[in-house]
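Peer 1: Take a look at this one; I'll ask things after.
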Amino acid sequence: MINIKEEIAKRIAEQASDLTQEQIEQIIEIPQDQKMGDYAFPCFRLAKVYHKAPPLIAKDIAEKLSGDSMFEKVEQVNAYVNMFLDKQQVAGIALESALDRENFGKSNVGEGKTIVIDFSSPNIAKPFHIGHIRTTVIGNSIYKIFDSLGYNVVRTNHLGDYGTQFGKMICAYRHWGNDEDIERDPIKTLLAYYTKFHVEAEKDPELNEEARKTFYNLEHGGEDEIRIWKWFSDLSLREFNRVYDMMGIEFDAYDGESMYSDMMPGIIQELKDKGLLQESQGANVVDLDEYKLPPALITKSDGTSLYCTRDLATAEYRKEHYDFYKNIYVVASQQSLYFKQLFKVLELMGYEWAKDCVHVPFGMVALEEGTLSTRKGRVVFLEDVLKKAVEKTKEIIMEKNPDADAASIDEVAKEVGIGAVMFNELSNSRIKDYVFKWDQVLNFDGETGPYVQYTHARCASVLRKAGEDAVAKAQTGNVDTSFLTGDAAYTLIKLLYQYPEVVQDAADKYEPSIVTRHIIDIAQAYNKFYHDEHILVDDEAEKLAKVALTIAAKNAIANGLDLLGVKAPDRM
RNA sequence: GUGCCUAUAGCUCAGCAGGAUAGAGUAGCACACUCCGAAUGUGAAGGUCGCCGGUUCAAAUCCGGCUAGGCACACCA
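Here this note's numbering is used: position 71 in the first sequence is 130, and no number is missing along the way.
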């Protein structure tokens, strides 16, 4: 696709030779008001070079640019050169790429590069609650975005299936466990035991000691501990997979923490050999004082391992097996300091690839009653949220469309309801904290997933009415773009043109919300176009041009939603 | 105590390698379905961009200092 900004910069560079084309490209901006043009070039910075007032320089440049066929007009307003592009040319460029659904917004910049992305990673035997939605949905979207840019992306679910907590869980089971209850409703039952453990441990500190020993046994090959642990793991995975299935999320590897337990001694030895390990208060640490970081704890005073040790092993394993270009961790912002320590230790171990490890943090989810707390039983289950969203959607569909057939209602309600929850999660910058509110996730008006999906369904509906022949003809892109120069159509066209850069930007920043916001803009622009102009008009040439734009908008929305992991139904 | 993050309309948020009059959605108000899907669109209203300084021709955006909230800071992950 032609890079318009680059073309403009090239032309200005010919006029103002004291700046390089790159510098000019940096200065060129998109005015906030469309009335001021498609692109603008502020001339303040040239004033010093030319010893002339900025408006005079702007006037000069504007005059020289005026003749170029690229522009409809170029005018000087104060210190700005405001450029209005030839709308038909832009429409031609945008349509050409957007009509090609398969390739629109995609690229091959990542060819030959592998990215490992660690996300979701819930703890075994604990509920999959609303707090997990962030890493899961954001991680999935980042995977989709990089995948669409040609990277080979490995999704790994680093299950929290190890650590002292399992000592606690096993203890609790031994004290109060009932196998039938567990089989019937594993997570909720295990959660009840876990909660009870903490209550009891308050009264009887001996329990904590017992739990520590139990984990020690687990880590050192205790048969019964391993049997119970394995059983809990399997049950949990079954539960998690049900939720992943609902959201259409898959993984390439389920390598939990336990998988790396064999590598612990090796890591510890390696740290010793490299002179990094120090004994401190009975524990083994890597001192990071020099880097203004607290020491990284490698082993506890009782000799058992810690997550840091396991994470070091995990990183090494990933480098060896995947030779990653980036190793991404989608983990809550609470752990920012921890990841700084982890990456620093890797660096000190002499691994130059430590710089390729990135922590992608996100903010906290709280409930109106306070922070989520598994122990205190203050949780909202993700599955319940998804189910409620589907029910609500079903009600809305039946209300709006009483004679739709039952089978399709169920299918669409799932796509829209679950899509709404996922979309909602991806609407804001990931770093923001938020408070979970039912009426907020179940709101389907305005800037929401259903709004965007509705627009997609509306496009599909228009195309059905247009008929196959018209769609096939429009699909070639061989249409008269002079019918697409109205304000609404042109706004939409510019958004379509920008879409590929937006995807790249979202990848650079690991920020799916950039895509979310852009497809909201596209949906708004299409809806406005739809209201302002009649699409299926009698005039064949005009109709084909507008149908082509409808196809393009539909493709952009469908591809954008796909990057979010959200479905784009043709009817709803 | 130290570090990191956040602060923009009643509410939820965009905008932040500086640029022209700070944008959406939502709530409330007023409109538009004999017309391609009203889960839509239109209009009016709504702001000391947390506060104080600084840099600059130009600051919501950069720098410094405050304030408020969140998070983290050794045997949990």
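Using N, Cα and C, we set each Cβ at its ideal position, and we do this for glycine too. This structure is a prediction, so every number in the text was calculated from the model and none was measured.
1) DSSP puts residue 139 in a beta bridge; with which residues?
2) Would residue 475 and residue 512 be called neighbours here (beta carbons separated by less than 8 Å)?
3) So residue 437 and residue 254 are supposed to be a Cβ contact under 8 Å. How far apart are they, rounded?
4) Where do the ends of the alpha helix (DSSP H) carrying residue 498 lie?
5) Name the DSSP bridge partner or partners of residue 219?
6) For residue 257, I'd like the list of residues in its chain whose CB is within less than 6 Å of its CB, leaving aside the five on either flank, ordered along the chain.
7) So, for residue 314: in the same chain, excluding its five sequence neighbours on each side, which residues have a beta-carbon less than 7 Å away from its beta-carbon?
8) For a test of the three-state rule: what should DSSP assign to residue 430, helix, strand or coil?
9) Looking only at its chain, what residues have a beta carbon closer than 8 Å to the beta carbon of residue 430, apart from the 5 residues adjacent to it on each side?
10) Please work out which residues of its chain come closer than 6 Å, Cβ to Cβ, to residue 491, disregarding the five sequence neighbours upstream and downstream, and give them in chain order.
11) Just to check my reading of the structure: residue 418 and residue 398 have Cβ atoms closer than 8 Å, yes? What is that Cβ distance to the nearest angstrom?
12) Give, in chain order, every unbroken run of the beta strand (DSSP E) that is at least 3 residues long and sits entirely within the region 399-486.
13) With DSSP as the reference, label residue 363 as helix, strand or coil.
14) Among 600, 586, 223, 280, which has the Cα closest to the Cα of residue 267?
15) Within its chain, find whatever has a CB closer than 8 Å to the CB of residue 494; leave out the 5 residues flanking it on each side and keep chain order.
16) Within 10 Å of its beta-carbon, does residue 235 have 16 or more other beta-carbons around it, so buried, or fewer, so exposed?
17) Take the Cβ of residue 350 as the centre, count every other Cβ of all protein chains shown within 10 Å, and call the residue buried at 16 or more, exposed below.
18) Should residue 229 and residue 298 be called a contact, given that it needs their Cβ atoms to be closer than 8 Å?
19) Quick check on DSSP: helix, strand or coil for residue 352?
20) For residue 465, is the classification buried or exposed, using 16 other Cβ atoms within 10 angstroms of its Cβ as the cut-off for buried?
21) Pick helix, strand or coil for residue 342, following the three-state DSSP scheme.
22) Can you look up residue 385 in the DSSP assignment and give me helix, strand or coil?
23) Assign residue 199 to buried or exposed, taking buried as 16 or more other Cβ atoms, counted over all protein chains shown, within 10 Å of its Cβ.
24) Less than 8 Å between the C-beta atoms of residue 147 and residue 544, yes or no?
25) With distance defined between alpha-carbon atoms, name the residue in 559, 445, 477 nearest to residue 628.
26) May I ask you to report which of helix, strand or coil DSSP gives residue 574?
27) Should residue 295 be labelled buried (16 or more other beta-carbon atoms within 10 Å of its own) or exposed?
28) Whose CA, out of 160, 99, 112, 111, lies closest to the CA of residue 608?
29) Keeping to the same chain, check which residues put their C-beta closer than 7 Å to that of residue 134; ignore five residues upstream and five downstream.
30) State buried or exposed for residue 277, treating a residue as buried only when at least 16 other CB atoms are found within 10 Å of its CB.
31) With burial defined as no fewer than 16 other Cβ atoms inside 10 Å of the residue's Cβ, what is the status of residue 535: buried or exposed?
32) Return yes when the C-beta of residue 512 is under 7 Å from any heavy atom of the ligand MN, and no when it is not.
33) What's the gap between the Cα of residue 136 and the Cα of residue 571?
34) Could you say which of 529, 66, 274 lies nearest to residue 98 if we only look at CA atoms?
35) Put residue 174 into one of helix, strand or coil per three-state DSSP.
36) Compute the beta-carbon to beta-carbon distance between residue 547 and residue 591, rounded to the nearest angstrom, for a pair I have assumed lies under 8 Å.
Peer 2: Straight from the coordinates:
1) Sequence index remark: in the first sequence, residue 139 carries index 80 (1-based). 101, 136, per the DSSP bridge assignment.
2) Reading the first sequence from its first residue, position 416 is the one you call residue 475. Reading the first sequence from its first residue, position 453 is the one you call residue 512. Yes, they are a contact pair.
3) To locate residue 437, count along the first sequence from 1; it is residue 378. To locate residue 254, count along the first sequence from 1; it is residue 195. At roughly 10 Å, the Cβ-Cβ gap does not stay under 8 Å, so residue 437 and residue 254 are not in contact.
4) For the purposes of this step, residue 498 is taken as the residue at position 439 of the first sequence. Its alpha helix (DSSP H) spans residues 497-500.
5) On the first sequence, position 160 is the one that residue 219 refers to. Note: residue 219 is bridge-paired with 182 in the DSSP secondary-structure output.
6) Taking the first residue of the first sequence as position 1, residue 257 is located at position 198. Residues 434 of the same chain have their beta carbon placed closer than 6 Å to that of residue 257, with the five preceding and five following residues left out of the count.
7) For the purposes of this step, residue 314 is taken as the residue at position 255 of the first sequence. Cβ within range, chain order: 215, 217.
8) As a working note, residue 430 is residue 371 in the first sequence. Residue state, collapsed to three classes: strand.
9) Locating residue 430 in the first sequence gives position 371, counting from the first residue. Within the same chain, residue 430 has close Cβ partners 423, 437.
10) In the first sequence, residue 491 corresponds to position 432, counting from 1. Take residue 491, set aside five residues on each side of it, and the residues of its chain with a beta-carbon closer than 6 Å to its own are 422, in chain order.
11) Counted from its first residue, the first sequence places residue 418 at position 359. Counted from its first residue, the first sequence places residue 398 at position 339. Contact holds; Cβ gap of about 4 Å.
12) Every beta strand (DSSP E) of 3 residues or more that sits fully in the region 399-486 is shown, in chain order, as 416-419, 424-426.
13) Locating residue 363 in the first sequence gives position 304, counting from the first residue. Coil, per DSSP.
14) Looking up residue 267 in the first sequence gives position 208. Considering only alpha carbons, the answer is 223.
15) As a working mapping, residue 494 is identified with position 435 in the first sequence. So the qualifying residues of the chain are 424, 425, 426, 427.
16) Here residue 235 is taken as the residue at index 176 of the first sequence, counted from 1. Residue burial annotation: residue 235 is exposed, with fewer than 16 other C-beta atoms found within 10 angstroms of its C-beta.
17) As a working note, residue 350 is residue 291 in the first sequence. Exposed, by the Cβ-count rule.
18) Taking the first residue of the first sequence as position 1, residue 229 is located at position 170. Taking the first residue of the first sequence as position 1, residue 298 is located at position 239. Result no, Cβ atoms of residue 229 and residue 298 do not sit closer than 8 Å.
19) Numbered from 1 along the first sequence, position 293 holds the residue referred to as residue 352. Residue 352: coil per DSSP, three-state reduction.
20) If you number the first sequence from 1, residue 465 lands on position 406. Counting Cβ neighbours within 10 Å, residue 465 comes out exposed, since fewer than 16 surround it.
21) Position 283 of the first sequence, counted from the first residue, corresponds to residue 342. DSSP places residue 342 in strand when its eight states are reduced to three.
22) Taking the first residue of the first sequence as position 1, residue 385 is located at position 326. Of the three classes helix, strand and coil, the one that applies to residue 385 here is strand, per DSSP.
23) Stepping through the first sequence from its first residue, residue 199 is reached at position 140. Flag for residue 199 reads buried.
24) Here residue 147 refers to the residue found at position 88 when the first sequence is read from its first residue. Here residue 544 refers to the residue found at position 485 when the first sequence is read from its first residue. In contact: residue 147 and residue 544 (Cβ atoms closer than 8 Å).
25) Walking along the first sequence from the start, residue 628 turns up at place 569. Ranking the options by Cα distance to residue 628, first place goes to 477.
26) As a working mapping, residue 574 is identified with position 515 in the first sequence. Residue state, collapsed to three classes: helix.
27) Residue 295 sits at position 236 when you count from the first residue of the first sequence. It counts as buried.
28) Residue mapping note: residue 608 aligns to position 549 of the first sequence, counting from 1. Nearest of 160, 99, 112, 111 to residue 608, Cα basis: 160.
29) Working through the first sequence from its first residue, we reach residue 134 at position 75. Only residues of its own chain outside the window of five on either side were considered, and among them 121, 141 have a CB closer than 7 Å to the CB of residue 134, listed in chain order.
30) The count along the first sequence starts at 1 and reaches residue 277 at position 218. That one is buried.
31) To locate residue 535, count along the first sequence from 1; it is residue 476. With fewer than 16 Cβ atoms within 10 Å of its Cβ, residue 535 is classed as exposed.
32) As for the ligand MN, it is missing from this structure, which has no ligand bound.
33) The count along the first sequence starts at 1 and reaches residue 136 at position 77. The count along the first sequence starts at 1 and reaches residue 571 at position 512. About 36 Å.
34) Position 39 of the first sequence, counted from the first residue, corresponds to residue 98. Here the closest residue by C-alpha is 66.
35) Position 115 of the first sequence, counting from 1, holds the residue named residue 174. If DSSP states are grouped into helix, strand and coil, residue 174 belongs with the strands.
36) Taking the first residue of the first sequence as 1, we reach residue 547 at position 488. Taking the first residue of the first sequence as 1, we reach residue 591 at position 532. Correct: roughly 4 Å between the Cβ atoms.
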